[in-house]
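According to the UniProt record's numbering, the residues represented by the sequence shown are 1 to 259, in order. Cβ coordinates follow ideal geometry from the N, Cα and C atoms, glycine included.
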Amino acid sequence: MWCTPPVLESSLRMPPGVGPGRPIEAYWDGHRVAGEEWGEGPPIYLVHGWGGQRAHLAVFVKPLVEAGYRVVAFDLPSHNESDPGALAPGRTTSIECAAAIAAMIETHGPAHAVVAHSLGANATAFAAAQGAPVGRLVLLAPMGEFPLYLDLFAARHGFGRRIRAGLQRRLERRIGMPLHETNMTRIGQRANYPPLLLIHDPDDPDSPYAASERLATAWPGARLVTTRGLGRLAHYRILRHRPAILAGVEFIGVQAAES
1 MWCTPPVLES SLRMPPGVGP GRPIEAYWDG HRVAGEEWGE GPPIYLVHGW
51 GGQRAHLAVF VKPLVEAGYR VVAFDLPSHN ESDPGALAPG RTTSIECAAA
101 IAAMIETHGP AHAVVAHSLG ANATAFAAAQ GAPVGRLVLL APMGEFPLYL
151 DLFAARHGFG RRIRAGLQRR LERRIGMPLH ETNMTRIGQR ANYPPLLLIH
201 DPDDPDSPYA ASERLATAWP GARLVTTRGL GRLAHYRILR HRPAILAGVE
251 FIGVQAAES
């Protein structure tokens, strides 16, 4: 259950003004990652969250192409058009997602910036910690502290402490590291703290806002933009929230102006 992404908005289409991009792909350990790209210039990568697909962040395509960038969006393993990884079809882990992100960046060029949502944010930071070149990070409602999500998962499914502890042990064996090593504060240190913009809403029921507050404090130079009033669907509404989009594009544009 933990490694099985839900199917979210499977009929989602690109937003108005964003036509089909040029098909692209990358491979990691023989597994295909499917995507598309728009525009020309330094690449900006868009990384969706758990259960999502590349169209989820497509509102960033038009403004970033107009700003002179090549925008690359793709599907994570076992999501939409991409292959599954080493697990059964329909399952994956954040570690596999990080490998897919690194493969896409290696194939299509060092990232001027990455815009990522939810689990995609954690996986992007992990890819950076493993050596994937990223210039700037714009993270929307990131999954900052995985043990917190294990607590939420256990509460939602009625697991007791014994089952929760056993699940954590199995997960740690599967990913080959203690779960706390996947926390963003620890990952950022290994990634040498690239410039970071966090965008989060306190109403988000799926990704605790407090974790982003702690991350903003621990990550040198990080900025936290707080959205308001997005309600119980804040985790997904933030992807269409105009102030959040403008903040992300502005943060990326500063580096373009300086270069």
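*For Gly41, I'd like the list of residues in its chain whose CB is within less than 6 angstroms of its CB, leaving aside the five on either flank, ordered along the chain.*
Gly68, Tyr69 and Arg70
*Any idea if Pro177 is buried or exposed, counting beta-carbon neighbours within 10 angstroms, 16 or more meaning buried?*
It should be noted that the sequence gives Met, not Pro, for residue 177. Looking at its Cβ environment, which holds fewer than 16 other Cβ atoms inside 10 Å, Met177 is exposed.
_Which listed residue (Met143, Asp204, Asp29 and Ala102) has its alpha carbon closest to that of residue 273_ = Only positions 1 to 259 of the chain appear in this structure, which leaves residue 273 out of reach.
*asked:* Let me make sure I understand the geometry here. Which of Ala132, Gly21 and Leu87 has the alpha-carbon closest to that of Ala111?
replied: Comparing Cα positions, the closest option is Ala132.
*Could you spell out where the alpha helix (DSSP H) holding Phe74 opens and where it closes?*
Unbroken run through Phe74 is the beta strand (DSSP E), Arg70 to Phe74; no alpha helix (DSSP H).
*Buried or exposed for Ile163, please, with buried defined as at least 16 other CB atoms from any protein chain shown within 10 angstroms of its CB.*
exposed
*asked:* If I measure Cβ to Cβ from Ala98 and keep anything under 6 angstroms in the same chain, skipping five residues before and after, which residues do I get?
replied: Ala123, Phe126 and Ala127
*So Gly135 is in the beta strand (DSSP E); what residue range does that whole segment cover?*
Val134 to Leu140 is the span of the beta strand (DSSP E), which, as asked, contains Gly135.
*Exposed or buried, which one is His117 when buried takes at least 16 other CB atoms within 10 Å?*
buried
*When burial is assigned at 16 or more other CB atoms within 10 Å of the CB, is Val249 buried or exposed?*
buried
_Chain-order list of residues whose beta-carbon lies under 6 angstroms from that of Pro63 (same chain, five-residue window excluded)_ = Counting only Cβ-Cβ distances below 6 angstroms, and skipping sequence neighbours, we find Val249.
_Assigned secondary structure, Phe146 (DSSP; H/G/I helix, E/B strand, else coil)_ = helix
*Ends of the beta strand (DSSP E) at Pro63?*
Per DSSP, Pro63 belongs to no beta strand (DSSP E); it is in the alpha helix (DSSP H), Val61 to Glu66.
*Return the first residue and the last residue of the alpha helix (DSSP H) that Val249 is part of.*
Arg242 to Glu258
*Please classify Ser10: does DSSP put it in a helix, a strand, or coil?*
Confidence in Ser10 is poor, its pLDDT being 49 and thus under 50, which makes the residue's placement unreliable; the coordinate value appears in the next sentence. Three-state result, Ser10: coil.
*Going by DSSP, name the residue or residues bridged to Ile199.*
Leu140 and Val225
_Here's the rule I'm using: 16 or more other beta-carbon atoms within 10 Å means buried, otherwise exposed. How should residue 273 be labelled?_
Given that the chain is displayed from residue 1 to residue 259, the structure contains no residue 273 and the question cannot be resolved.
*asked:* To the nearest angstrom, how far is the alpha carbon of Thr113 from that of Trp219?
replied: Going by the sequence as given, residue 113 is Ala instead of Thr. If I take the Cα positions, the gap works out to 17 angstroms.
*asked:* Cutting at 6 angstroms between CB atoms, please list the residues of its own chain near Ile95, excluding the five before and the five after it.
replied: Ile175
_Glu37 in three-state terms, based on DSSP_ = strand
*With 16 other CB atoms within 10 Å as the buried threshold, where does Met1 fall?*
exposed
*How is the beta strand (DSSP E) around Leu46 delimited, first residue to last?*
Pro43 to Val47
*Taking 8 angstroms as the threshold, find out whether the stretch 25–35 comes into contact with the stretch 70–90 through three or more Cβ pairs.*
yes
*Straight-line CA distance for Arg173 to Pro16?*
Approximately 44 angstroms, taken between the alpha carbons.
*Below 8 angstroms, can you find three or more Cβ-Cβ pairs linking the stretch 231–243 to the stretch 186–194?*
no
*Verify whether the separation of the beta carbon atoms of residue 260 and Gly21 is less than 8 angstroms.*
Residue 260 is absent from the model: the chain starts at 1 and stops at 259.
*Mark Ala88 as exposed unless 16 or more other C-beta atoms lie within 10 angstroms of its C-beta, in which case mark it buried.*
exposed
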